[in-house]
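If you're matching positions, the sequence shown starts at 2 in this note's numbering and goes up one per residue.
Take a look at the structure below.
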Amino acid sequence: MQNHRRHTDAQLDSQRATCEGTRIDLAAFLALSSEARAARWRQWSAADKADVVIQQLTRLGYAWDAALVETQIAKYDAKYAIGPIDQAVEGALERLAQEHSAAARLAVASGDKAHATEERRQTTAYTNALIQYRAGVRPELLASGAWLLPSRRPGEAPHIVRMDGDWTCACCAGASMHWPIALVIGLEVAQDAMQAHDDGAPESELAAALERTNEVLERMRLRDRICAARGRYAA
Ligand SMILES: [Zn+2]
């Protein structure tokens, strides 16, 4: 009896471990800042979204079914949808990264090694800024007018970016291009772009229509995945 019991416990532990390995960490997700939570949600696949919604519904004691999971996902999709500001900032950072990447290629072709190195540094900075922004990192405006950004590595001093004739940072990188400066420049470029296109461009309506089509397709695919997921969580 005792042996049998132990065997069952071991089996349960192994099942639990397998389950936890495939599950999104709900507590860690809820502990994120709202910006980071929205960014994380947008990066998830439909299966990941279903996973976290099912965990939450289970925790709250709901007897969930596919329809409820779909409704909840649609609710969070709307809540965490990328807003026009984030869209403009991500667009600006991506554009800047691509422009500098093209300039680096031109510099290489013309044999200007120093210029190519600088353009590559700019490309890396804008790309890293885009990665950080998408992960939910947002600069905080200080009373002095400078921007505060967290360090990417624990234990390192944060970045304080200010306009001092040119952009400079309080970290050891100083005025040389690195992602916090790139992110602040991206914000400025995005702001300018938003002001320039403040007349309700028809492209945005087209983008919204495409988005809706994708949502319907995604929801149809999701229906199958939820059935599979229910099997996984039923144990
Ligand atoms: Zn810095």
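The beta-carbon is built from N, C-alpha and C at its ideal position, and this holds for glycine as well.
Validate contact between the stretch 50-57 and the stretch 150-165 using beta carbons, cut 8 angstroms, 3 pairs: In short, these stretches do not touch, since the Cβ pair count stays below three.
Verify the contact flag: Ala147, CB atom, against every heavy atom of ligand 1, threshold strictly below 6 angstroms. The answer is no for Ala147.
Distance CB(Thr128)-CB(Ala98) smaller than 7 angstroms: Yes, they are a contact pair.
Beta strand (DSSP E) segment containing Trp65, residue limits: Per DSSP, Trp65 is not a residue of any beta strand (DSSP E), being assigned neither H nor E.
In terms of residue numbering, what span does the beta strand (DSSP E) encompassing Arg163 cover? Where Arg163 is concerned, the enclosing beta strand (DSSP E) stretches over 160-165.
Glu189 burial status per 10 Å Cβ neighbour count (16 or more: buried): Here Glu189 is exposed, its C-beta having fewer than 16 other C-beta atoms within 10 Å.
Using 8 angstroms as the Cβ pair cut-off and three pairs as the minimum, do the stretch 29-42 and the stretch 131-139 touch? A contact exists between the stretch 29-42 and the stretch 131-139.
Below 7 angstroms between beta carbons: does that hold for Trp117 and Ala108? In the sequence under discussion, the amino acid at residue 117 is Ala, which differs from the Trp named in the question. Yes, the Cβ-Cβ distance between Ala117 and Ala108 is below 7 angstroms.
What residue range is occupied by the uninterrupted alpha helix (DSSP H) comprising Trp42? Its alpha helix (DSSP H) spans residues 35-44.
Paired residues, beta bridge with Glu141 - DSSP: Answer by DSSP bridge pairing, in chain order: Leu149.
Report the residue from Phe30, Met178, Gln192 whose alpha carbon sits nearest the alpha carbon of Glu120. A check of alpha carbon separations from Glu120 across Phe30, Met178, Gln192 identifies Met178 as the nearest.
Is the distance from the Cβ of Ala174 to the Cβ of Ile161 below 7 angstroms? Not closer than 7 angstroms, so no.
Please state whether DSSP places Leu207 in a helix, a strand or coil. Low confidence applies to Leu207: its pLDDT is 48, below 50, so where it sits in the model is not reliable, and the reading given next is rough at best. In the displayed model, Leu207 falls within a helix according to three-state DSSP.
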